[in-house]
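*Asks:* Quick one: the structure is below, questions incoming.
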Amino acid sequence: MMGYASAQSHSQLPSLPFFFVYSKFTMMKLLKSIVPTLQVQAFLAAVSVASPTTFISLTLILLLLLLIFFIRHCLHRPRVYLVDYSCFKPRPDRKCTLEACMQFVCRSGLASSQSVEFMQRIWSSSTLSHETYGPSFIFDPNKGIAHAKLESCMEEAREGISSAVDSLFLKTKVSPDRIDTVFVTSGSFSPSPSLSSFVVNRYKMRHDVKTYNLSGMGCSSGILVVDMATRLLGRRGKKPEYALVVITENISSNWYLGDNRSMLVGNCIFRVGCAAVLLTNDRSRRGTAKMELIHSLRTHHGTDDRAYRAAIQEEDEKGNTGVSLTKELVPVAGASLRRHIRILGPKVLPLRQLFLYAYAALSARLDSSKKPTVPDFTTAFDHFCIHTGGKAVIEQVGRVLRLEDRIMEPSRMTLNRFGNTSSSLVFYELTYFEAKGRIRRGEKLWMLAFGSGFKVGSLVWRWLKDSSLEDDNPWKDCIGRYPLPWVSYA
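First residue of the sequence shown? That's 1 in the numbering used here, and the numbers climb one at a time after it.
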């Protein structure tokens with residue numbers, strides 16, 4: 001009777017034998033790889049002698065279980081939220097006008113008239129306004145270059161960090177003793193005790209707080225340290241915790257007084273800034289958090305000697321230390337960005353764009369006369385928060401990604417208002433979006449930054465609430481004047 005039933009089943013499914021044998025073999029391998037063998041010997045033996053109809057039923061059940069597992073994984077995967085952030089806004093008397101800079105340079109007596117003239121030309125073409133902020137030693141007539149050392153460096157660091165972190169704790173209503181981990185990044189200033197120890201001391205944090213202090217990571221370190229913090233918070237099984245991330249740079253330690261033109265450029269574009277960010281993996285904060293991190297990517301292009309030396313700290317022929325921004329910086333940024341988006345694209349682009357991109361890449365490979373195209377990232381992101389390292393870098397990013405002027409507007413306006421605040425710059429740019437009220441709940445924002453080494457970093461955020469102009473927003477007193485029509489690519 002059973003033999004007859006089995007024969008009848010096979011006669012009703014004449015096209016199944018090959019599928020049946022191959023699929024059974026595949027499913028057996030899958031089961032053996034994911035389930036402990038000792039517990040499933042009986043089940044596997046039953047599957048091996050099952051009829052096609054029984055096998056199909058078991059396959060459907062397995063697929064259903066896999067679907068349930070996938071849904072459960074998505075619902076319970078670790079999530080990291082950006083609760084809030086704050087940016088430091090220096091006092092009005094720290095506004096770094098061209099006159100203030102030139103007066104300080106002349107007082108120091110270490111730069112030639114040709115160097116002064118060169119800096120004036122760079123300033124006039126940089127699109128920076130007279131409202132960017134400089135370190136305190138520039139404005140004090142009683143201070144010379146000797147004060148652009150440890151005293152001024154510590155003053156700049158303490159002022160920026162204290163202001164940003166105070167504001168962050170105030171508006172999040174999170175007390176310092178709830179912080180489990182502290183991350184501080186400052187590219188060129190690394191005192192002892194560290195800046196992360198300064199934060200612990202100032203806010204009297206718990207004895208078991210963990211601290212990390214990063215240096216030498218360049219302008220991309222803001223994104224890199226947030227990525228590092230989210231990876232630690234996002235580990236499975238980790239209890240709810242808070243991480244404080246402080247992102248700053250130190251202009252006092254980097255001010256160059258010499259005649260090397262590649263180093264003088266930094267004096268013209270780098271300005272004071274600091275940002276503090278509060279991250280958590282506590283799901284109960286989702287209702288009050290601003291953003292959720294959904295993707296992150298870091299790429300390092302330091303194997304290329306040209307990329308490694310594109311922006312580098314070194315001494316000139318007279319022994320003066322400065323950061324040399326070479327002519328290779330812009331082409332290196334473009335080439336590194338192209339390699340970066342080839343990795344990021346498959347993670348974030350919709351299927352249609354992926355197919356078009358794959359087809360264009362294949363066509364370019366088969367026909368050398370065709371140039372490989374860049375996918376349309378506006379189909380993946382609603383907003384672009386791009387590191388505004390300088391006018392030329394903004395132009396290069398716009399060309400590579402084929403972005404319209406309106407998309408690059410926040411980058412250009414932030415460079416004009418605050419200058420290049422290095423690693424914290426993407427958060428100053430983020431405050432521009434909020435001051436304009438442009439972001440809506442559910443929209444995606446791409447943070448992109450470049451740094452010496454040469455490194456490229458991306459963070460993709462999903463907004464959990466509509467953006468608004470807050471009291472501590474550094475644009476609050478001037479956002480009505482922006483965008484400025486004359487700040488363009490011309």
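Even glycine gets a Cβ: it sits at the ideal position worked out from N, Cα and C.
Would you decide whether His387 is buried or exposed? Buried here means 16 or more other CB atoms lie within 10 Å of its CB.
*Replies:* That one is buried.
*Asks:* Per DSSP, which residues does His295 bridge with? Please list them.
*Replies:* Paired residues: Val460.
*Asks:* What number of angstroms, rounded off, separates the C-alpha of Ile479 from the C-alpha of Val165?
*Replies:* Approximately 23 Å, taken between the alpha carbons.
*Asks:* Find out if the Cβ-Cβ distance for the pair Ala276, Phe454 is shorter than 8 Å.
*Replies:* No.
*Asks:* Give the straight-line distance between the Cα atoms of Pro350 and Ala380, rounded to the nearest whole angstrom.
*Replies:* Taking the straight line from one Cα to the other gives about 7 Å.
*Asks:* Assess contact between the region 445-454 and the region 211-221, defined as three or more Cβ pairs (one per stretch) separated by less than 8 Å. Is contact present?
*Replies:* The region 445-454, when compared against the region 211-221, does touch it at the 8 Å Cβ threshold.
*Asks:* For Ile439 and Phe384, what's the separation of their Cα atoms in angstroms?
*Replies:* So the alpha carbons of these two residues sit roughly 11 Å apart.
*Asks:* Measure the C-alpha to C-alpha separation of Ser336 and Phe427 and round it to an integer number of angstroms.
*Replies:* So the alpha carbons of these two residues sit roughly 22 Å apart.
*Asks:* If we call anything under 8 Å between Cβ atoms a contact, is Pro141 one with Ile251?
*Replies:* Not a contact, by the Cβ cut-off of 8 Å.
*Asks:* Look at the alpha carbon of Glu317 and the alpha carbon of Val456, and state the distance between them as a whole number of angstroms.
*Replies:* Roughly 31 Å separates the two Cα atoms.
*Asks:* Run through DSSP, which three-state label would Ser23 get?
*Replies:* Low confidence applies to Ser23: its pLDDT is 48, below 50, so where it sits in the model is not reliable, and the reading given next is rough at best. Ser23 falls in the helix class under three-state DSSP.
*Asks:* Below 8 Å, how does it come out for the region 155-162 and the region 114-124: are there three or more Cβ pairs, yes or no?
*Replies:* Not touching, per the Cβ criterion.
*Asks:* So is Tyr85 buried or exposed if we call it buried at 16+ other beta carbons inside 10 Å?
*Replies:* With 16 or more other Cβ atoms within 10 Å, it is buried.
*Asks:* From the DSSP secondary-structure annotation, give me the bridge partner or partners of Phe183.
*Replies:* According to DSSP, which records beta bridges pairwise, Phe183 is partnered with Tyr212, Val245.
*Asks:* Just how far apart, CA to CA, sit Ile56 and Leu62?
*Replies:* Cα to Cα, the separation comes out at about 10 Å.
*Asks:* Should His301 and Arg339 be called a contact, given that it needs their Cβ atoms to be closer than 8 Å?
*Replies:* Yes, Cβ-Cβ distance for His301 and Arg339 is below 8 Å.
*Asks:* Using only alpha-carbon positions, find the residue among Asp177, Gln353, Pro90 that is nearest to Glu159.
*Replies:* Answer by Cα proximity: Pro90.
*Asks:* At what residues does the beta strand (DSSP E) containing Gly451 begin and finish?
*Replies:* 444-451 is the extent of the beta strand (DSSP E) around Gly451.
*Asks:* Would you mind working out which of Thr373, Tyr242, Leu214, Thr230 sits nearest Leu356, comparing C-alpha positions?
*Replies:* Nearest option by C-alpha distance: Thr373.
*Asks:* Would you tell me roughly how many angstroms separate the C-alpha atoms of Glu117 and Asp227, rounded to the nearest one?
*Replies:* Spanning the two alpha carbons is a distance of roughly 41 Å.
*Asks:* Select from Gly187, Asp282, Tyr212 the residue whose C-alpha is nearest the C-alpha of Val199.
*Replies:* Looking at the Cα atoms, Tyr212 is the closest of the given residues.
*Asks:* Would you identify the three-state DSSP class for Thr37, choosing helix, strand or coil?
*Replies:* At Thr37, the pLDDT of 48 sits below 50, so the modelled position is not reliable; the number obtained from the coordinates is stated separately. Helix at Thr37.
*Asks:* Where Pro474 and Asn420 are concerned, what is the direct C-alpha to C-alpha distance, given to the nearest angstrom?
*Replies:* Using only the alpha carbons, I get a separation of about 15 Å.
*Asks:* Using the three-state DSSP reduction, which class does Leu30 fall into: helix, strand or coil?
*Replies:* The predicted model places Leu30 with a pLDDT of 49, which falls under 50 and marks its position as unreliable; any figure quoted below should be read in that light. Of the three classes helix, strand and coil, the one that applies to Leu30 here is helix, per DSSP.
*Asks:* Near Phe189, what residues of its chain come up, given a Cβ to Cβ distance below 6 Å and the 5 sequence neighbours on each side ignored?
*Replies:* Same-chain partners within the cutoff: Cys153, Asn250, Ser253.
*Asks:* Should Asn201 go down as buried or exposed, given a rule of 16 or more other Cβ atoms within 10 Å for buried?
*Replies:* So Asn201 counts as exposed.
*Asks:* Applying the 10 Å Cβ sphere with the 16-neighbour rule, what's the burial state of Gln114?
*Replies:* Exposed: under 16 other Cβ atoms inside 10 Å.
*Asks:* Are Leu278 and Val83 closer than 8 Å when you measure CB to CB?
*Replies:* Yes, the Cβ-Cβ distance between Leu278 and Val83 is below 8 Å.
*Asks:* Would you report the Cα separation of Glu314 and Glu292, rounded to the nearest angstrom?
*Replies:* Cα to Cα, the separation comes out at about 39 Å.
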